[in-house]
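In our numbering, the protein residues as written are 5 to 508.
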């Protein structure tokens, strides 16, 4: 049943994304540019790096299925990845019906659907690996074996090669799993299996037996050393406000569901405290603890996307704990029925909200759809061609699509909050200077030409064009409209008298 439901949700989302006229999402252009830089000549600075899994998947999907269907396929698959991770983990604990419903709630959450709509593929895929990673580490610590250690290491490697942000959360959660086992009472029911005393648990078959996780991660060390130089900023009032805004944004579809869910996620380790370190309590404590630590240490708005996964995993684990207690006491635990009732209500409410919102989310974030897609093809070239200056589309970096599809170097206009690398921010500042008040004036065109630009791409959602100034530049021959469609305009620059404005 769970497999059928997840496949149905993914299939429906594929159809919704494929119906858009052009490639969907904002960030897929970024992943395409990363992937093609990995496989060919770099269109970007070598200081801009990212884990390779999603960039390579984006290139493969677009080559095999075509650009539009390939991106739609990734939207569909990635949108259900967190749900699959939650469902798989809870099913391993023997609560299949609860696992299915918890997965459905996560699949229809705004944080899954909208994250897929804007192209948050790395975070979604890696979030799908987070619950299995915690379960695998817990399984190893309860019965150390090389097979379990290698399994944990491979899951960790897949996560780290997909998203450095979620990998940091996974590292925090994994550390908590290990610490909870190392501090378990030696007289607990699992004490003998865990290896007895704390010192004995650290011997090769226990904690030190996790060395495969370190071995398989060695190839990623250079990448992570480069990423370590790019931080999200220190925790402060501004960062905390940003994260609170992120929580509001990801829960805005059904706040009456997700605000209490946050309380459940935070309270689950306390409500189900187990001094003997039962499996359901260890997983709940490590998942919730990792989310809290990420909130404190990472100062990143993407922490908000952990909420549905951690909340539904916690609800499911509370139900598992209640069922375990009922078996021991040989009588029904009312808290188990409460968890089931909460999941049913949450599922119905979230399905209704998620079904109506997704198509609109996809269309909103499809900044390269319609006439923009035609422009991307017409500008196709190589990194040695003149620079393209691209205005932001709804404050988002449309220039990523020029880099990914057209393979041209860009000055990409964007809101700074979407940019993490110094080189990106520097180029965005240059673009902001060019697309300033009174665009297009002489100083702005000279700045663009000095940067090596020959073409300006202006989406219709950017409202900064002064039509009178544009007409004057056209009459003087220093600027020509190469193409104008309902949703984008392409301008060619020719500042020297007698030059024909290059439209490529």
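Built from N, CA and C at the ideal position, the CB exists for glycine as well.
Per the coordinates, the alpha-carbon of residue 73 lies some 41 Å from the alpha-carbon of residue 215. Straight-line measurement puts the Cα of residue 494 at about 51 Å from the Cα of residue 270.
Nearest neighbour of residue 364 by Cα position, chosen from 88, 97, 9, 28, turns out to be 28.
Ranked by how close their Cα comes to the Cα of residue 448, the residues 18, 463, 465, 483 have 483 in first place.
Contact between the region 60-75 and the region 21-40 is present: three or more C-beta pairs spanning the two stretches fall below 8 Å. Short of 7 Å from the beta carbon of residue 104, and not among the five residues preceding or following it, lie these beta carbons of its own chain, in chain order: 5, 6, 9, 91. Annotation: the continuous beta strand (DSSP E) that includes residue 496 extends over 492-497. In terms of Cα proximity to residue 414, the closest of 228, 395, 25 is 395. The continuous beta strand (DSSP E) containing residue 463 extends over residues 457-463. Look at residue 272 here: in three-state DSSP terms it is helix. Secondary-structure assignment with DSSP links residue 488 through a beta bridge to 493. From the listed residues 56, 139, 154, the smallest Cα separation to residue 220 is found for 154.
By the neighbour-count criterion, in which a residue is buried when 16 or more other Cβ atoms sit within 10 angstroms of its Cβ, residue 93 is buried.
Cβ-Cβ separation between residue 121 and residue 53: approximately 25 Å, too far for a contact (criterion under 8 Å). In the three-state reduction of the DSSP assignment, residue 254 falls in the helix class, which pools H, G and I. Contact annotation: residue 127 and residue 66 have beta-carbon atoms that are not nearer than 8 Å.
Between the alpha carbons of residue 186 and residue 372 lies a gap of roughly 51 Å. The Cβ neighbour count for residue 438, taken over all protein chains shown within 10 Å, is at least 16; the residue is labelled buried. When the Cα atoms are used, residue 83 and residue 486 turn out to be separated by approximately 38 Å.
Within the region 86-140, the complete alpha helix (DSSP H) segments at least 4 residues long are 100-112, 114-122, listed from N- to C-terminus.
Excluding five sequence positions before and after residue 20, the CB atoms of its chain that fall closer than 7 Å to its own CB belong to 362, 363, 366, given in chain order.
As computed with DSSP, residue 397 is found in a beta bridge with 400. Residue 150 and residue 157 have their alpha carbons spaced roughly 10 Å apart.
Membership of residue 310 in any beta strand (DSSP E) is not indicated, and neither H nor E is assigned to it by DSSP. Across the structure, residue 95 and residue 44 are spaced so that their CA atoms are roughly 42 Å apart.
Within the DSSP bridge table, the entry for residue 392 names 414, 459 as partners.
When beta bridges are read from the DSSP output, residue 483 appears opposite 497.
Around the beta carbon of residue 398, a 10 Å sphere encloses fewer than 16 other beta carbons of the protein chains shown; the residue is thus reported as exposed.
When 377, 324, 458 are compared, the shortest CA-CA separation from residue 497 is found for 458.
Distance from the Cα of residue 113 is smallest, within the candidate group 492, 355, 374, for 355. Secondary structure of residue 446 (DSSP, three-state): helix. The beta carbon of residue 181 lies closer than 7 Å to those of 138, 141, 142, 145, 286, 290 in the same chain, with the five residues before and after it left out.
For residue 297, the closest alpha carbon among the candidates 173, 70, 389 is that of 173.
Residue 23 counts as exposed, since fewer than 16 other beta carbons sit within 10 angstroms of its beta carbon. Taking all protein chains shown into account, residue 81 has 16 or more neighbouring C-beta atoms within 10 Å of its C-beta and is therefore buried.
Counting the other Cβ atoms within 10 Å of the Cβ of residue 115 gives 16 or more, which makes it buried.
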